[in-house]
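Let me begin by presenting the structure, written as structure tokens, before commenting on it.
Residue numbers (this note's numbering): 98 to 191.
Right under this line is the structure:
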């Protein structure tokens, strides 16, 4: 497994954050969007949404020392419901 270096040469784990939400009346969509937008422009620029008729999810990739730290970086309403997956890059040799 290759550890991806960030600016300055230090390794920082990356996590894919996925938050499912109920979109029956789009109230949950609005609530999550407001939570992300209230967190500043870093969230607004980087979060991806799918709020169509069947799937109501949002995704973002964040860097943090651990999964617990990654959850703490998220708005509280999202950190409590999100699925986090550590991302890994492989080299050709691996």
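Beta carbons are placed, not taken as given, at the ideal position from N, Cα and C, and that holds for glycine.
Should residue i be labelled buried (16 or more other beta-carbon atoms within 10 Å of its own) or exposed?
{"i": "residue 165", "result": "exposed"}
{"i": "residue 184", "result": "exposed"}
{"i": "residue 171", "result": "buried"}
{"i": "residue 112", "result": "buried"}
{"i": "residue 187", "result": "exposed"}
{"i": "residue 175", "result": "buried"}
{"i": "residue 158", "result": "exposed"}
{"i": "residue 153", "result": "buried"}
{"i": "residue 182", "result": "exposed"}
{"i": "residue 123", "result": "exposed"}
{"i": "residue 180", "result": "exposed"}
Identify every residue that forms a DSSP beta bridge with residue i.
{"i": "residue 159", "result": "112"}
{"i": "residue 147", "result": "154"}
{"i": "residue 117", "result": "154"}
Quick check on the DSSP output: the beta strand (DSSP E) that includes residue i runs from which residue to which?
{"i": "residue 171", "result": "It is not in any beta strand (DSSP E) - residue 171 carries neither H nor E in the DSSP assignment."}
{"i": "residue 124", "result": "Careful: residue 124 lies outside any beta strand (DSSP E), inside the alpha helix (DSSP H) at 124 to 135."}
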